[in-house]
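Residue numbers (my numbering): -19 to 425.
Each residue gets a CB set at the ideal place from its N, CA and C atoms; glycine is no exception.
Here the structure is a predicted model, which is why all the values come from computation and not from measurement.
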RNA sequence: CGGGGCGUAGCGCAGCCUGGUAGCGCGACGGUUUUGGGUACCGUAGGCCGUAGGUUCGAAUCCUAUCGCCCCGACCA
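Now the structure itself:
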């Protein structure tokens, strides 16, 4: 993408509405525009990152054998009356009446609807296990939205629902989600720690939240610092292997890590003092096993192998897709701007032309552009005639992890400069070598 | 929902107390200059001062109502 043809309304000054760093940078980098309290338009740069995150979530869901579908944002109130949550949910639920005076709501989650889909189509244990998920906009009418997309009213969320014939299978589904989530967050360049959590309005007693450590986090967290060293990495996990999956979960959940809701002072104090840590975290996902809470209330049953009929065992699992942008920025930035992890960056690399209009530099940039495109790496090429400082500042702000700088001085020696946004380290090399290096970096992402 | 604050140009703000026909910086646009970390100068465009009502000869300014937004707390993915 050529910057001269793109839509990237960056701001030099910080709009007064933004307090925390991710919100400021998202506004300044032209990623979002607020339309009402807690409701945002996603401008092209922000939309690209949102789509990247969505793609990673989809890919990891597919790897775990989960099946995508799409449920509507608007739901009939009657469905929620069946589970009793129409009254329980309170003011946070946005209620709407249509022209026929039918009561509707903008869905804050989808347990009722998925249970309805299940009960009208699944009768036998032979159709289980089943995991259905979607990535859809939700609405929770927060009293006080804040922190930009981290606590919006409208938000994009992946929510998945598992259906199993018995408790053991359901717990495997729970574990499978934990492992797939760990992999999902790692691909986004995040360390998200599973912490034992309280269940809230979804219900159920087996639940973990995934927290990204950041000083601006909304939750106080207590953990053994050894937990931050755990990495799933490239290890091969067979998601159907109950034992293997359970083992990974055990590895990640044995060390102490809890939110303030479930914190136990005695257990915490048993950790060696130098590994005891109290910090803040941003919740980026949560998994629940809640058994038959909804299936019983809504009559979602299956016939088992012995011919009896039982309510299906369920769990639900969520990833805050839009909120992840904020969480990633909180965890990865400096005083110049955002530093995108390679996995989610809107563009893999930026090209800065230091002397726009100079025949040789223009040609070198064009050649670089074409070579990167040929590798499937779409660069953002700053072909404006701003001066160097302005271009660098803009690139730093929007946070592309790699930048190739092309100027007459280096070109005279056949060199361009490849710079890491994260370390600031620059290396001179031939354009061909730069393309090869960038391709190599992204080969593993 | 309790407490506090703010709505004036795309963004950041001044003007309001003490009414007299709206200003600064950045940005945008046009030029000249410059060109390896937000360059300098000259010029141009852009605002029913959130909205409605009231007081007044006259309202961005005073009064009332209303809408919106932000911050602290409570709550929450």
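For this session: In the DSSP assignment, find the unbroken beta strand (DSSP E) run with residue 352 in it and report its ends.
Result: Residue 352 -> not in any beta strand (DSSP E); alpha helix (DSSP H) instead, spanning 339 to 354.
For this session: May I have a chain-ordered list of the alpha helix (DSSP H) segments no shorter than 4 residues that lie completely inside the region 15 to 51?
Result: 24 to 43
Exercise. Quick one: is residue 107 buried, meaning 16 or more other Cβ sit within 10 Å of its Cβ, or exposed?
Worked result: exposed
For this session: Rounded to whole angstroms, what's the CA-CA distance from residue 398 to residue 210? Just pull it up for me.
Result: 31 Å
Problem set entry | Three-state secondary structure assigned by DSSP to residue 275 | helix
Problem set entry | residue 267 versus residue 364: straight-line alpha-carbon distance, rounded | 47 Å
For this session: May I ask you to report which of helix, strand or coil DSSP gives residue 308?
Result: helix
Exercise. Does the beta-carbon distance from residue 310 to residue 385 come in below 7 Å?
Worked result: no
Problem set entry | First and last residue of the uninterrupted alpha helix (DSSP H) at residue 414 | 411 to 423
Problem set entry | Residue from 50, 192, 70 and 169 with nearest C-alpha to residue 117 | 50
Exercise. Span of the alpha helix (DSSP H) holding residue 92?
Worked result: 91 to 99
Problem set entry | N-terminal and C-terminal residue of the alpha helix (DSSP H) that residue 154 is part of | 147 to 167
For this session: Please report how far the alpha carbon of residue 36 lies from the alpha carbon of residue 226, in whole angstroms.
Result: 23 Å
Problem set entry | Spatial distance of residue 361 from residue 415 (CA atoms) | 14 Å
For this session: Could you round the C-beta distance between residue 190 and residue 219 to whole angstroms and report it? I think they count as a contact, below 8 Å.
Result: The pair is not a contact, with the Cβ atoms about 18 Å apart (cut-off 8 Å).
Exercise. From residue 287 to residue 270, what distance separates their C-alpha atoms?
Worked result: 24 Å
For this session: Just the C-alpha distance for residue 445 and residue -17, rounded to the nearest angstrom, thanks.
Result: In this structure the chain extends from -19 to 425, so residue 445 is not present and cannot be described.
Exercise. Among 276, 357 and 83, which residue has its Cα nearest to the Cα of residue 422?
Worked result: 357
Exercise. Which first and last residues belong to the alpha helix (DSSP H) in which residue 233 is found?
Worked result: 222 to 233
Exercise. From the DSSP output, which residues share a beta bridge with residue 296?
Worked result: 141 and 268
Exercise. If you check the beta carbons only, do residue 212 and residue 176 fall under 7 Å apart?
Worked result: no
Exercise. According to the neighbour-count rule (16 or more other Cβ atoms, all chains shown, within 10 Å of its Cβ), is residue 353 buried or exposed?
Worked result: exposed
Exercise. Using a Cβ-Cβ cut-off of 6 Å (strictly less than) and excluding sequence neighbours within five positions of residue 307, which residues of its own chain qualify?
Worked result: 192, 262 and 264
Exercise. Could you check where the alpha helix (DSSP H) with residue 391 kicks off and where it finishes?
Worked result: 388 to 391
Problem set entry | Three-state class that DSSP yields for residue 287 in the structure shown | coil
Exercise. How many Å lie between residue 133 and residue 13 at the Cα?
Worked result: 14 Å
Exercise. Where do the ends of the beta strand (DSSP E) carrying residue 396 lie?
Worked result: 396 to 400
Problem set entry | residue 426 burial status per 10 Å Cβ neighbour count (16 or more: buried) | In the structure as shown, the chain starts at -19 and stops at 425, and residue 426 therefore has no counterpart that could be examined.
For this session: Determine, using beta carbons only, whether residue 299 and residue 237 come nearer to each other than 7 Å.
Result: no
For this session: Decide if residue -1 is buried, meaning its Cβ has at least 16 other Cβ atoms within 10 Å, or exposed.
Result: exposed
For this session: State the start and end residues of the unbroken alpha helix (DSSP H) segment that holds residue 378.
Result: 368 to 378
For this session: Look up residue 202 in the DSSP assignment and say whether it is helix, strand or coil.
Result: strand
For this session: Would you list the one or two residues that DSSP bridges to residue 109?
Result: DSSP, once it has assigned bridges, lists no residue as partnering residue 109.
Exercise. Alpha carbon to alpha carbon, how far is residue 166 from residue 228?
Worked result: 15 Å
Exercise. What separation, rounded to the nearest whole angstrom, lies between the Cα atoms of residue 257 and residue 243?
Worked result: 12 Å
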